[in-house]
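Position 495 of the sequence shown, counting from 1, maps to 554 under our numbering, and the rest follow consecutively.
To start, the structure under review is shown below, and the notes come after it.
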Amino acid sequence: MIRFAALLLCTSALAQTAFAQDTAAPDAGPAPGEIVVTAQKRAERLQDVPLAVTAVGSEALATRGITDTKGLTQLSPTLSYQQGANPSNSSFRIRGIGTSQFGQGTESSVSVVLDGVVLARQAQGFSDLADIERIEVLRGPQGTLFGKNATAGVISIVTARPSKELTGKINATVAEKGEYHVNGTISGPLSDVLRVRVSGYYNKDDGYIWNTTLQRKTNGYESYGVRGKVELDLDRLNFLLSADYNKNNSRCCTSVLIRSDNANLNKLMSPVVPGPDNTQVAANLDTVSTTSQQTYSLESRYDFGGASLTSLTAWQSYRFNNNNDVDGINTTVPVYTGGGSNPAQFDVNGGPIRLGQFSEELRLSSSGKRRLNYTVGGYFSDLTLDRGFVRRVVTCSPPAALGLAIGAACPAAYQQGTSGSSNAHLRQTHIAGFGQIDYALVGGLKALGGVRVQHETISVWGAQGTTAPFAGDNNAFSGATLTNGRTAASDSVVTGKAGLQYEFSRNFQSYATYTRGYKGQGLGTEYTQTFNNNALVLPETVNAYEVGFKGSMFDRKLTIAVAAFLADYKNLQVQANRSDPSTNTFNFVTTNAGKSTTKGVEIEATVRPDEHFSLNASASYTYARFDADGIACPLQNQASAITVAYGATAPANVCFKATGATGVVSGANQNIRGGILPNTPAFRFTLNPRVEQEVGKFIGYADLAIAYQGEVNFALEQDPLQTQNGYATADLTVGLRSPERGLSFSVFVKNLTDQRYYTTMGANSLLTTQVLTPTNRTAFLPKGAFRYVGATIGYKY
Numbered sequence: 060m061i062r063f064a065a066l067l068l069c070t071s072a073l074a075q076t077a078f079a080q081d082t083a084a085p086d087a088g089p090a091p092g093e094i095v096v097t098a099q100k101r102a103e104r105l106q107d108v109p110l111a112v113t114a115v116g117s118e119a120l121a122t123r124g125i126t127d128t129k130g131l132t133q134l135s136p137t138l139s140y141q142q143g144a145n146p147s148n149s150s151f152r153i154r155g156i157g158t159s160q161f162g163q164g165t166e167s168s169v170s171v172v173l174d175g176v177v178l179a180r181q182a183q184g185f186s187d188l189a190d191i192e193r194i195e196v197l198r199g200p201q202g203t204l205f206g207k208n209a210t211a212g213v214i215s216i217v218t219a220r221p222s223k224e225l226t227g228k229i230n231a232t233v234a235e236k237g238e239y240h241v242n243g244t245i246s247g248p249l250s251d252v253l254r255v256r257v258s259g260y261y262n263k264d265d266g267y268i269w270n271t272t273l274q275r276k277t278n279g280y281e282s283y284g285v286r287g288k289v290e291l292d293l294d295r296l297n298f299l300l301s302a303d304y305n306k307n308n309s310r311c312c313t314s315v316l317i318r319s320d321n322a323n324l325n326k327l328m329s330p331v332v333p334g335p336d337n338t339q340v341a342a343n344l345d346t347v348s349t350t351s352q353q354t355y356s357l358e359s360r361y362d363f364g365g366a367s368l369t370s371l372t373a374w375q376s377y378r379f380n381n382n383n384d385v386d387g388i389n390t391t392v393p394v395y396t397g398g399g400s401n402p403a404q405f406d407v408n409g410g411p412i413r414l415g416q417f418s419e420e421l422r423l424s425s426s427g428k429r430r431l432n433y434t435v436g437g438y439f440s441d442l443t444l445d446r447g448f449v450r451r452v453v454t455c456s457p458p459a460a461l462g463l464a465i466g467a468a469c470p471a472a473y474q475q476g477t478s479g480s481s482n483a484h485l486r487q488t489h490i491a492g493f494g495q496i497d498y499a500l501v502g503g504l505k506a507l508g509g510v511r512v513q514h515e516t517i518s519v520w521g522a523q524g525t526t527a528p529f530a531g532d533n534n535a536f537s538g539a540t541l542t543n544g545r546t547a548a549s550d551s552v553v554t555g556k557a558g559l560q561y562e563f564s565r566n567f568q569s570y571a572t573y574t575r576g577y578k579g580q581g582l583g584t585e586y587t588q589t590f591n592n593n594a595l596v597l598p599e600t601v602n603a604y605e606v607g608f609k610g611s612m613f614d615r616k617l618t619i620a621v622a623a624f625l626a627d628y629k630n631l632q633v634q635a636n637r638s639d640p641s642t643n644t645f646n647f648v649t650t651n652a653g654k655s656t657t658k659g660v661e662i663e664a665t666v667r668p669d670e671h672f673s674l675n676a677s678a679s680y681t682y683a684r685f686d687a688d689g690i691a692c693p694l695q696n697q698a699s700a701i702t703v704a705y706g707a708t709a710p711a712n713v714c715f716k717a718t719g720a721t722g723v724v725s726g727a728n729q730n731i732r733g734g735i736l737p738n739t740p741a742f743r744f745t746l747n748p749r750v751e752q753e754v755g756k757f758i759g760y761a762d763l764a765i766a767y768q769g770e771v772n773f774a775l776e777q778d779p780l781q782t783q784n785g786y787a788t789a790d791l792t793v794g795l796r797s798p799e800r801g802l803s804f805s806v807f808v809k810n811l812t813d814q815r816y817y818t819t820m821g822a823n824s825l826l827t828t829q830v831l832t833p834t835n836r837t838a839f840l841p842k843g844a845f846r847y848v849g850a851t852i853g854y855k856y
């Protein structure tokens, strides 16, 4: 890291000497075309920000056809997305760090922020994008200014403000496989001091995976939303009132069977043929989820001249419900699957979430044009969350199952002990004070510093019980309570950052920073939690180091940003698989890994030799490793697990069964050392050439986006059967647009080479047990893994 910092300083000095003609007054405003961001909670040029940031404007999002936040992985060098069965257990990762979890009592490491409002749970951020001004991806811990759930980074979504003149736009997109998008906006003044903006969207996708049982496509969705803003501008005093509502009804996300080595299961799946090219499922139910979100905020700002005081008051409400057809087979009634203890039906697995949060942030920020620049403030939030869950796993009752043919209906159905239900109530309050400064020491050298002092309390009350008997069940599950109780905890912590920044000129700067990050403690909220013994998930902490260089030269014909990073995490919060297929136990818990280290280099560059051509490129290398004890072994290794005597030390990276004090032998686990963090490619590259040329009264353009990522493993368990090789994709857009106002039209091809790839793999059906064949695997195929064509037409005035 020291060598890299020295190299950046030397490079910066050479660049300053070679291109001294690019210098300008340090406090000059942004030049035309320069990107202005609020990554440090004040408006400043992207070039001036001493941290790694990717900023994408509305035009770039539209050209690339990025309609939701999941598509941002195409643009930021170390941002990845891991798809779960629903938004609740999907996740973003930055530089390898992110938390994919079922439980609602633990936050993610990547914070999603909407117009300055920190969303309470990451699932709220998997939303459609409409009427966006820009999106900023801040890489690395950002807790000093953004709070406790940003140990990996921040995705900041900034929507457009009301305009000072009457404007409007409408866009419509139609694509293959039944995809439709419509969005529109109208904005303008009501008086000299009052302005309004209203925007809305409707999106529909019929799906792209064929369900042979239901004879229709699945993995589609229908979503719509509306946003309104009212801005009152009274000279130095400004008020911005925002209201946002969106809803998504989804038949998603069903995985396909990509490997099955068991003839019994293959017979049940017929006519689906398992394999890497499979694009069909045979489930008798869709995996479904519905979400709705409301966010209301009032931003009040007073400009003192050299500083401004901002208050951001917000209320957010989020509703979620889902069900996952886990068995994935065609059976409306329990059927014999090839063994007395095997699941005969697993169609009920899900439940609702109701979330509400009030938050208030008050901060005072300098204008950024003095020797001492600062941001100081306070933050408060109060969150309540209710979580319900129901699961039903059924087998054929022995000995009635003996002699049955595979797929025959069970004469009698029996609910397994893994069936059950739960209800939990979570309450979480947080209060913090924070401050960050930069101070010009001498010449272009600045000292950077920040601190955040925060206190949090969390409590969960819950009850876990059996389910009442379903129709046709022959056992007396009564709905009795198994465990219930309340657990509470609190924590106080001081975090912050320190560093140096050197500005060689207006167009060249380098920096080196140290950041101490923190993510809050967690408690279990799911059915598998024993609420009378709710183990606390310890806070996640990180010590992160970053050195970087940003420069532009040749009158901004070339811009480049380079960052090298090293982050050491302690008590990394992960979702551990504690399932035991030998007993059909289905259990995932959020827990702490011992430690994790991520380090690497990111490079972003843009070349603009003239007004007709531009080339954006990025490259990254990420080395992400972790240690963790008590992680379940890959299924295919569990039968050969060694037995470890009571009191003996278990070997690392070996599947073992531990002997307890009473002689009872546990399920098969492993203590991982030096494991690779899931869904984290070592190498990623992007290349985005764009050509523009006047065509009559229009501007014609062609935009090609090429992306490559290296090999990944999707399993914390380091399962070699959940490894995906590296691959490359290419998207092409060709279109015409009016220079300012008027018509626009484009056609696009997604995934030109029809490259198949997955966004997750797993063995999440209990039909995949040791009794059958443990090598069976499922995977989620995103729509982007198919080639398809579409067109967009728009008009703005």
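Every residue, glycine too, gets a C-beta built ideally from N, C-alpha and C.
**Item:** Cutoff 7 Å; reference phenylalanine 63; Cβ partners in own chain excluding five residues on either side
**Value:** Along the sequence shown, one-based indexing puts residue 63 at 4. Annotation note: pLDDT 41 at phenylalanine 63 (below 50); position unreliable, no value reported.
Closer than 6 Å by C-beta to leucine 795: which residues in its own chain qualify, once you throw out the five before and the five after it? Chain order, please. Locating residue 795 in the sequence shown gives position 736, counting from the first residue. Result list for leucine 795: Phe757, Gly759, Phe804, in chain order.
Length of the line joining the Cα atoms of alanine 57 and valine 519: Look at the range of the chain in this structure, 60 to 856, and you will see that residue 57 is not part of it.
*Could you please give the first and the last residue of the uninterrupted alpha helix (DSSP H) stretch that includes phenylalanine 205?*
Translated into the one-based positions of the sequence shown, residue 205 becomes position 146. Its alpha helix (DSSP H) spans residues 202-205.
Check your understanding: Whose C-beta lies closer than 6 Å to the C-beta of alanine 678 among residues of the same chain, with five residues either side of it excluded?
Key -> Position 619 of the sequence shown, counting from 1, holds the residue named residue 678. Same-chain partners within the cutoff: Ile662, Phe744.
Alpha-carbon to alpha-carbon, tryptophan 269 and serine 250: As a working mapping, residue 250 is identified with position 191 in the sequence shown. As a working mapping, residue 269 is identified with position 210 in the sequence shown. Roughly 54 Å separates the two Cα atoms.
Quick check: the segment 212-225 against the segment 159-173, are there 3 or more CB pairs under 8 Å? yes
- proline 710 by DSSP, collapsed to three states: which one? Position 651 of the sequence shown, counted from the start, is the residue given in the question as residue 710. Proline 710 falls in the coil class under three-state DSSP.
| said: So, under 8 Å CB-CB, threonine 39 and proline 668 are touching, yes? Tell me the CB distance rounded to an integer number of Å. | reply: Residue 39 lies beyond the range of the chain shown here (60 to 856); nothing can be said about it.
### Environment of lysine 609 [buried if 16+ CB atoms lie within 10 Å]
The count along the sequence shown starts at 1 and reaches residue 609 at position 550. With 16 or more Cβ atoms within 10 Å of its Cβ, lysine 609 is classed as buried.
Examine the ligand PLP and report whether any of its heavy atoms sits within less than 6 Å of the Cβ of glutamine 695. Questions concerning the ligand PLP fall outside what the structure shown contains, since it holds no ligand whatsoever.
Handout entry: When Arg422, Pro798, Phe773 are compared against methionine 820, the one with the closest alpha-carbon
Key = Within the sequence shown, the letter at position 761 stands for residue 820. With distances taken between Cα atoms, methionine 820 lies closest to Phe773.
Under a three-way DSSP split, which group does serine 117 fall into?
-> As a first step, residue 117 is located in the sequence shown; it is residue number 58 there, counting from the start. Here serine 117 sits in helix by DSSP.
- How would you label leucine 67, buried or exposed, when you count the other beta carbons within 10 angstroms and need 16 or more for buried? For the purposes of this step, residue 67 is taken as residue 8 along the sequence shown, with counting starting at 1. Low per-residue confidence applies at leucine 67: pLDDT is 43, beneath 50, and the placement is therefore not dependable, though the value from the model is reported in the following sentence. By the neighbour-count rule (16 or more Cβ atoms within 10 Å), leucine 67 is buried.
- Task: Kindly provide the ranges of any beta strand (DSSP E) runs that are 3 or more residues long and lie completely inside the segment 651-689, ordered along the chain.
- Result: 654-669
Does the Cβ of threonine 618 have 16 or more other Cβ atoms within 10 Å, making it buried, or fewer, making it exposed?
In the sequence shown, the residue the question calls residue 618 occupies position 559. Buried, by the Cβ-count rule.
Delimiting residues of the alpha helix (DSSP H) encompassing leucine 423: Counted from its first residue, the sequence shown places residue 423 at position 364. No alpha helix (DSSP H) contains leucine 423, which is instead part of the beta strand (DSSP E) from 411-425.
Measuring straight from C-alpha to C-alpha, what distance separates leucine 763 and phenylalanine 529?
On the sequence shown, residue 763 is found 704 positions in, with the first residue counted as 1. On the sequence shown, residue 529 is found 470 positions in, with the first residue counted as 1. Going by the C-alpha atoms only, they are around 55 Å apart.
Exercise. CA-CA distance, arginine 275 and asparagine 651?
Worked result: Within the sequence shown, the letter at position 216 stands for residue 275. Within the sequence shown, the letter at position 592 stands for residue 651. So the alpha carbons of these two residues sit roughly 42 Å apart.
- Using DSSP with H/G/I as helix, E/B as strand and the rest coil, what is serine 130? Indexing the sequence shown from 1 puts residue 130 at position 71. Reading the sequence as shown, one finds glycine at residue 130 and not serine. Of the three classes helix, strand and coil, the one that applies to glycine 130 here is helix, per DSSP.
According to the Cβ coordinates, are threonine 454 and glutamine 487 closer than 7 Å? Working through the sequence shown from its first residue, we reach residue 454 at position 395. Working through the sequence shown from its first residue, we reach residue 487 at position 428. Their beta carbons are not under 7 Å apart, which means threonine 454 does not touch glutamine 487 by this criterion.
- Task: Inspect the CB distances between the segment 301-317 and the segment 228-247 and report whether three or more fall short of 8 Å.
- Result: no
Exercise. Of the residues Gly769, Leu791, Trp374, Asp790, which one's Cα is nearest the Cα of threonine 782?
Worked result: By 1-based counting over the sequence shown, the position of residue 782 is 723. Comparing Cα positions, the closest option is Gly769.
Taking all protein chains shown into account, decide if alanine 700 is buried (16 or more other Cβ within 10 angstroms of its Cβ) or exposed. As a working note, residue 700 is residue 641 in the sequence shown. Counting Cβ neighbours within 10 Å, alanine 700 comes out buried, since at least 16 surround it.
Q) Can you give the beta carbon distance from valine 553 to valine 510, rounded, assuming they're within the 8 Å contact cut? A) Position 494 of the sequence shown holds residue 553. Position 451 of the sequence shown holds residue 510. Confirmed, Cβ separation roughly 7 Å.
Can you confirm whether the segment 137-155 touches the segment 333-349 when touching is taken to mean that 3 or more C-beta pairs between the two stretches lie within less than 8 Å?
yes
_What ranges does the beta strand (DSSP E) occupy inside the segment 487-536, keeping only unbroken runs of at least 3 residues that lie completely in it?_
504-524
Exercise. Taking the alpha-carbon positions, what's the alanine 522 to alanine 691 distance?
Worked result: Position 463 of the sequence shown, counting from 1, holds the residue named residue 522. Position 632 of the sequence shown, counting from 1, holds the residue named residue 691. Looking at the two C-alpha atoms, the distance is approximately 26 Å.
- Task: Take the Cβ of valine 848 as the centre, count every other Cβ of all protein chains shown within 10 Å, and call the residue buried at 16 or more, exposed below.
- Result: To locate residue 848, count along the sequence shown from 1; it is residue 789. Valine 848 comes out exposed.
Segment contact flag, the segment 223-232 with the segment 199-215, C-beta cutoff 8 Å, min 3 pairs
no
Can you name, in chain order, every residue of its own chain whose Cβ lies under 8 Å from the Cβ of arginine 429, other than the five neighbours on each side? Start at 1 with the first residue of the sequence shown, and residue 429 comes out as number 370. Same-chain partners within the cutoff: Gly365.
* To do: Given a cut-off of 7 Å, decide if tyrosine 586 and serine 481 are closer than it, judged by their beta-carbon atoms.
  => One-based indexing of the sequence shown puts residue 481 at position 422. One-based indexing of the sequence shown puts residue 586 at position 527. Against a cut-off of 7 Å, the Cβ pair of tyrosine 586 and serine 481 comes out as a contact.
Let me confirm a value: threonine 649 is counted as buried when at least 16 other C-beta atoms fall within 10 Å, else exposed. Which label applies? Against the sequence shown, residue 649 aligns to sequence position 590. It counts as buried.
- Message: Suppose the cutoff is 6 Å on Cβ atoms and the five residues either side in sequence are ignored; what does the same chain contact list for asparagine 543 look like?
- Response: Sequence index remark: in the sequence shown, residue 543 carries index 484 (1-based). Here the set comprises Ala522, Phe590.
Note to self: Need the endpoints of the alpha helix (DSSP H) that alanine 698 sits in, please.
What the structure shows: The residue given as residue 698 occupies position 639 in the sequence shown. Neither: alanine 698 is in no alpha helix (DSSP H) and is coded neither H nor E.
(Q) Please report the straight-line C-alpha distance between valine 435 and serine 424, rounded to a whole angstrom. (A) Counting from one through the sequence shown, the residue named residue 435 turns up at place 376. Counting from one through the sequence shown, the residue named residue 424 turns up at place 365. In a straight line, the C-alpha of valine 435 is about 7 Å away from that of serine 424.
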